[in-house]
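See structure below.
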Amino acid sequence: TAFADFARSSPLPVAAAANAVDITAIDIPRERPAPPPPPPPPPPPAHPSRQWVQVATGQDTAAFRYDWRRIKRSAEGLLDDAKAFTTRWGETNRLLTGPFANAREAQEFVSELGKAGIDSFRFTSDAGQEVKPL
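Residue numbers (the numbering used here): 1 to 134.
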């Protein structure tokens with residue numbers, strides 16, 4: 001072989017220049033993929049669970065307008081600022097007022113209506129249960 005006589009020489013020493021930067025000591029930042037964004041929080045339910053007071057039941061929700069006026073007149077002012085709502089209850093419908101901040105407030109209102117001679121009871125709607133304004 002033509003080059004068998006050549007010997008491998010040792011590398012020449014490299015003299016460091018004054019104020020030179022040793023590039024072997026530099027830690028190179030590596031690109032990393034960005035972490036995936038956190039999933040968005042679930043939207044609040046369209047119809048959250050709430051506290052109501054039920055004042056009547058019936059099949060015909062159109063008749064609830066008359067019932068609401070009648071009950072409101074006999075409530076001695078307790079329902080003057082209240083609004084009426086309806087929701088399904090099996091094969092019939094509920095006539096409700098509220099919503100109330102908690103079960104205690106709803107129960108206190110039931111007691112006040114009872115003193116005025118109006119039968120009612122507290123009702124908690126399930127999350128997702130649609131309650132419509134009358």
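Just so it is clear, CB atoms sit at the ideal spot from N, CA and C, and this is done for glycine as well.
Bounding residues of the alpha helix (DSSP H) (the contiguous stretch that carries residue i)
i, result
"A84", "Per DSSP, A84 belongs to no alpha helix (DSSP H); it is in the beta strand (DSSP E), A84 to W89."
"L113", "A103 to K115"
Beta-carbon contacts of residue i that lie in its chain and below 8 Å, excluding the five residues immediately before and after
i, result
"A75", "L113, A116 and I118"
"P45", "A127 and G128"
"F121", "V53, Q54 and V110"
"K72", "L79, D80 and A82"
"Q107", "R122"
"G58", "F64, D67, T92, N93 and L95"
Residue i (DSSP reduced to helix, strand or coil)
i, result
"A56", "strand"
"A46", "coil"
"I23", "helix"
Per DSSP, the bridge partner or partners of residue i
i, result
"L79", "Its beta-bridge partners do not exist; DSSP assigns none."
"F121", "Q54"
"P133", "F85"
Cβ neighbours of residue i in the same chain (closer than 6 Å, five flanking residues each side left out)
i, result
"A138", "As displayed, the chain neither begins before 1 nor continues past 134, which places residue 138 out of reach and without an answer."
"F123", "W52 and Q54"
"K132", "T86"
"H47", "G128, Q129 and E130"
Terminal residues of the beta strand (DSSP E) in which residue i lies
i, result
"R73", "That residue, R73, is in no beta strand (DSSP E); its alpha helix (DSSP H) goes F64 to R73."
"P39", "No beta strand (DSSP E) contains P39, which DSSP labels as neither H nor E."
"D92", "The residue asked about is misnamed: residue 92 is Thr in this sequence, not Asp. From DSSP, the beta strand (DSSP E) with T92 extends over T92 to F100."
Neighbourhood of residue i by C-beta distance below 7 Å, restricted to the same chain and skipping five residues each side
i, result
"P99", "R50, Q51 and W52"
"W68", "A84, L95 and L134"
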